[in-house]
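Report on the following structure.
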C-alpha cells in the first residue's frame with residue numbers, strides 16, 4: 079500500500095510538472111469568446127447577483143469565517159475580482175463567534191445574502207443564527223459598511239424594493255412569507271407578515287424576488303424529494319402565484335460526493351478524542367440535491383438574461399455556474415431554445431463590447447478572482463476597506479473571530495502564537511483559504527524554532543472530518559505527524575529524522591475525485607508522502623467544503639510559543655485549458671458509456687465498433703470553426719451531418735462541407751467532452767443499451783457520464 083501511495087504521488091507530481099511552465103489559476107474565460115463552468119473551481123455558495131450600470135456584483139455566504147460577507151465584481155459575468163467584505167469580524171460578544179470555551183458557530187454565522195441597490199446605496203441582507211436578520215449598507219460598494227441588526231425571524235431571504243417605496247422580505251421554506259421592512263433598516267414592520275404561497279405547492283427556499291415589466295417573479299430552490307429550481311409569478315406581491323420548474327437535473331456530469339457521518343452519541347459535532355467519522359458512499363447516477371440550484375438572475379445591458387446558480391461540487395463545496403436564460407411564454411427558462419431546463423457547460427460570453435456611451439470597451443483579460451499564493455510580506459490590502467487582516471491577501475479568512483494580539487507578520491513571515499486547544503477544529507487563530515480544483519498542490523514553509531512544549535503547528539484541512547500534517551513538540555522532542563480525524567489515526571516520522579528548524583509541508587489535492595495526500599520535505603525539493611490518500615467529503619455540519627488551514631495550538635492547556643509560515647504557494651496543473659480541444663488533430667472518439675469508438679458506417683450512419691477497430695472510419699479530424707465551434711470530418715472525407723431534430727438515426731454524413739453540422743465543444747477536462755449542436759442546442763449521443771445508432775436527442779450528461787452523451791478523445 080505504501081509503495082502504491084508513493085507511485086501515485088510520483089505520477090501526480092510528474093503530471094503536475096508538465097503544466098507548470100506558466101503559472102495559472104482557474105478562470106472560466108476560455109480566451110476565445112466562450113466560458114466554461116464552473117465560474118470558480120472553489121467554493122462560493124448562495125450567490126446573489128446585482129447589476130448597477132456596467133458593473134455586476136456577486137454576494138455570497140461566508141458562514142463562520144471572517145472577514146465576512148464577500149462581494150465580487152465583474153464587467154462581463156465571467157471574470158471576477160474580490161473587492162469587498164461587509165465586516166472584518168463578528169461584532170457580537172458571544173464566545174461562540176470567537177471559538178471560546180468550547181462554543182462555536184460552525185455552519186452558522188452569515189449565510190444566504192441578498193444584495194440590492196436602491197436610494198443611492200448598496201444593501202446586503204443576511205441571517206445570523208440566533209441573532210436574526212442583519213443588514214449592511216454603504217454608498218460605496220467598497221465600503222465602509224454600516225451594520226444594522228434588524229433581528230426578527232427572517233432568514234434565507236430575498237428583498238424587493240418596490241416601485242412605491244415599500245421594501246419587502248420574502249422568506250421561509252415551503253410556506254413562503256412576505257414581510258414589509260422599515261425603511262431605516264431598524265427591523266421588520268409589525269403586523270405585515272403574510273403567507274403569499276401556502277405549503278403544498280412544492281416551493282422550497284433560497285428565494286430571489288424580482289419585479290419585471292410589472293410582474294413579480296420569485297426564483298426558489300427545492301430539495302424535497304430532489305433538487306430543482308422553480309419560478310413563481312404573480313401580478314401582485316401578495317399572490318396568487320403560479321409556479322413552473324425552470325431547471326432540474328443539471329449536474330454538468332458531476333457525481334454527488336459522500337456525506338460525513340457523525341457517530342451517534344457524540345458530544346460535539348466537530349469531533350472529540352477517540353471519535354471516528356464515517357463517509358457515506360456516493361450515488362454515481364443520482365442527481366440528488368447536488369445539481370445546479372439556488373441563485374439569482376440578472377439582465378445584461380444588451381437585454382439578455384443570465385442565471386448564476388450554485389452547485390454542490392464534490393469536496394470543494396458549493397460553487398457557481400453561469401447559465402443563459404431564455405424567456406418563453408413569460409417564464410425565465412434556464413437554457414436554450416430546444417433544450418430548456420439544462421444549460422451548456424461551455425457557452426458564449428455575455429456581449430459587453432460597448433460601454434455606457436456606446437464606444438468600444440477595452441478587452442477584458444481573463445483572470446481569476448483571487449491571488450492564492452502569499453509570501454506574507456506586509457503590503458496594503460487590495461480591498462478599499464481593509465479588514466483587520468489588511469496585510470493579508472483577501473483570499474484569507476480566519477476560522478471564527480481571531481485574537482489579533484496573537485498573530486502578526488514579522489520579517490516576511492506569518493507568526494501564529496499557540497493557544498490551548500485539544501484539536502484543530504477548536505484551535506483559535508487558524509487562517510484558512512478555500513481549496514481550488516480540479517487538482518492543486520499547496521505547499522508552505524514551516525519554521526519551528528519558536529515552538530514550546532505541547533505546541534502543534536502545520537498545514538491542515540478544516541472540514542468535518544479534519545486532517546493535518548505538522549510538527550508536535552513534546553518536551554524538547556519534535557515529531558512530524560499526519561493526523562486524520564476520519565479514522566482518529568496518526569502517522570509519525572521519528573523525532574531523530576526531524577532535525578531542521580524549517581520544513582516544507584504539502585497537500586496534494588485531487589478534488590474532482592474527492593481525495594488528498596499530505597507530503598513533506600526537508601530541503602524543499604524532494605517530497606515524501608505521509609499518511610494515506612485520504613477520502614474527502616462535503617458535509618452539512620460546517621456547510622463548507624475543504625479549506626487549507628495554517629494553525630498553531632497547544633494540547634497541554636496553556637499558551638505556548640509560536641510557529642512561523644512563509645511562501646504559501648498554490649499551483650494548479652489543470653488551469654491551462656488552451657489545448658483541451660484537439661483542433662486540427664485526427665482523433666478517435668470513445669463513448670464513456672460503452673468504451674467503444676464511434677465509426678462512420680458505409681451505410682451512412684454513425685455507430686460504434688469494437689475497441690480494436692482502427693479503420694479509417696473510426697478517425698475524425700476536428701476542424702476549428704472559431705469560438706470553440708468545430709465540425710468533424712471522417713478520414714474517408716465525409717463530414718458529420720445531422721438530419722432532423724433528434725429522431726434516432728439522424729446522425730449521418732455528407733461530402734459537402736457547407737452542410738456539415740457545427741458543434742460547440744463542451745470541455746469536461748481530462749480529454750472528456752460533449753458535442754452540442756448549434757442548431758438544436760442538444761447533444762450527440764448513443765444509448766448504451768438499445769443498440770440504436772447515434773442521434774442528436776440528448777439533453778445533457780447524467781452525473782456518472784454514462785448515458786451515452788459524453789466522450790473521450792484519443793489522438
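In this note's numbering, the protein residues as written are 79 to 793. Glycine residues also receive a C-beta, built at the ideal position from the N, C-alpha and C atoms.
Inspect the beta-carbon positions of residue i and residue j and report whether they are closer than 8 Å.
i, j, result
"residue 506", "residue 531", "no"
"residue 132", "residue 151", "no"
"residue 125", "residue 414", "no"
"residue 392", "residue 589", "yes"
"residue 357", "residue 624", "no"
"residue 641", "residue 526", "yes"
"residue 475", "residue 143", "yes"
"residue 675", "residue 666", "yes"
"residue 649", "residue 519", "yes"
"residue 147", "residue 191", "yes"
"residue 672", "residue 698", "no"
"residue 210", "residue 229", "yes"
"residue 705", "residue 109", "no"
"residue 448", "residue 412", "no"
Using a Cβ-Cβ cutoff of less than 6 Å, which residues in the same chain neighbour residue i once the five nearest sequence positions on both sides are dropped?
i, result
"residue 787", "752, 761, 763, 776 and 779"
"residue 376", "127, 129 and 384"
"residue 627", "508, 510, 538 and 540"
"residue 85", "The predicted position of residue 85 is uncertain, since its pLDDT is 41 and thus under 50; no value can be drawn from it."
"residue 550", "534, 557 and 559"
"residue 226", "213 and 263"
"residue 783", "331 and 670"
"residue 493", "486, 640 and 642"
"residue 366", "334"
What's the gap between the Cα of residue i and the Cα of residue j?
i, j, result
"residue 466", "residue 564", "Residue placement at residue 466 is flagged as unreliable, the pLDDT there being 46, under the threshold of 50; the coordinate-derived value follows with that caveat. When rounded, the distance between both Cα atoms is 34 Å."
"residue 314", "residue 241", "12 Å"
"residue 399", "residue 730", "33 Å"
"residue 371", "residue 244", "28 Å"
"residue 677", "residue 687", "6 Å"
"residue 416", "residue 758", "6 Å"
"residue 732", "residue 723", "17 Å"
"residue 428", "residue 381", "10 Å"
"residue 529", "residue 638", "7 Å"
"residue 189", "residue 479", "16 Å"
"residue 710", "residue 719", "9 Å"
"residue 578", "residue 647", "21 Å"
"residue 789", "residue 750", "5 Å"
"residue 250", "residue 283", "6 Å"
"residue 348", "residue 177", "12 Å"
"residue 785", "residue 766", "7 Å"
"residue 434", "residue 363", "Note that residue 434 scores 48 on pLDDT, short of 50, meaning its location in the model is unreliable; the coordinates nonetheless yield the value given after this. Answer to the nearest angstrom: the Cα atoms are 47 Å apart."
"residue 634", "residue 218", "47 Å"
Can you tell me whether residue i is buried or exposed? The criterion is at least 16 other CB atoms within 10 Å of its CB, across all chains shown.
i, result
"residue 743", "buried"
"residue 689", "exposed"
"residue 728", "buried"
"residue 224", "exposed"
"residue 205", "buried"
"residue 182", "buried"
"residue 692", "exposed"
"residue 756", "exposed"
"residue 180", "exposed"
"residue 568", "exposed"
"residue 656", "exposed"
"residue 477", "buried"
"residue 496", "buried"
"residue 521", "buried"
"residue 582", "buried"
"residue 545", "buried"
"residue 440", "exposed"
"residue 397", "buried"
By Cβ distance, which residues of its chain are closer than 7 Å to residue i, with the 5 residues on each side in sequence left out?
i, result
"residue 281", "252, 254, 275, 298, 300, 308, 310 and 321"
"residue 566", "352, 353 and 354"
"residue 271", "255 and 257"
"residue 196", "239"
"residue 328", "369, 370, 420, 421 and 778"
For residue i, which residues from the same chain have a beta carbon less than 8 Å from its beta carbon, with the 5 sequence-adjacent residues on both sides left out?
i, result
"residue 770", "726, 727 and 764"
"residue 341", "353, 354, 355 and 356"
"residue 680", "695"
Pair every Cβ in the segment 482-496 with every Cβ in the segment 601-617, then say whether three or more of these pairs are closer than 8 Å. no
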